[in-house]
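> Residues -4 to 140, numbered by the working numbering, are exactly what the sequence shown covers, in order.
C-beta: ideal position from N, C-alpha, C; glycine also.
Pasting in a structure now, in structure tokens, and then I'll have a few things to ask.
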Amino acid sequence: MRGYAFAIDMKSSGIPEEWKSFVQGLSRPSSSPLEAFLLPVDDPRIHQSRQNLATESERRAGRVDWGKCESRHQRVRLEEELGFKRPFTQWKEDGSCLLPDFAWADWAQGQVDRILDLLDISLLKSAQKGIDQTYKTYGRMLSGC
């Protein structure tokens, strides 16, 4: 099953109908699944890329004073009734954080406090809508969870 999305000016284009005709006219499904284009998890390039991104994050970490953003984040938490817990990052004022096992912890360690708090705010806002962001499918959360 495939899905396609693109944006065009509907008033002055015949592209939507042309695209629909083209897609419906495909004679067979793709013979290469997404996994065929991905590197194996043990590929050294993956490890090196993750290490490079984490190092880059550490260099940027001190650029923004948390105090400049903290009041805005607190206001959002109050106005949207999100509470003040940090369920995803579990970060503390000493700069430590403990993400779930599936998360990219070394990247998170290099992030500034406002980014860590924003991750938690995003998770809490989605939870209010019944969405569990910890699952890639964005499935609805079960009641009572």
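Could you check where the alpha helix (DSSP H) with residue 100 kicks off and where it finishes?
It spans 100 to 104 - the alpha helix (DSSP H) in which residue 100 sits, taken as one unbroken run.
> What do you reckon, are the CB atoms on residue 108 and residue 83 nearer than 8 angstroms?
Not in contact: residue 108 and residue 83 (Cβ atoms no closer than 8 angstroms).
> Apart from the five residues on each side of it in sequence, which residues of its chain come closer than 8 angstroms, Cβ to Cβ, to residue 120?
The residues are 75 and 77.
> Tell me which same chain residues have a C-beta within less than 8 angstroms of the C-beta of residue 94, skipping the five on either side of it?
Excluding positions up to five away in sequence, the list reads 83, 84, 85, 100 and 103.
> When DSSP labels each residue in this structure, what does residue 12 get in the three-state scheme?
Three-state result, residue 12: helix.
> Alpha helix (DSSP H) containing residue 71: first to last residue?
Taken as a continuous stretch (DSSP letters only), the alpha helix (DSSP H) holding residue 71 covers 61 to 74.
> Work out the CA separation of residue 70 and residue 38 for me, nearest whole Å.
Taking the straight line joining both Cα atoms gives about 44 angstroms.
> Using the C-alpha atoms, what's the distance from residue 126 back to residue 106?
Rounded to whole angstroms, residue 106 to residue 126 spans 24 angstroms at the Cα level.
> If you run the structure through DSSP and keep just helix, strand and coil, what is residue 39?
Correct three-state label for residue 39: helix.
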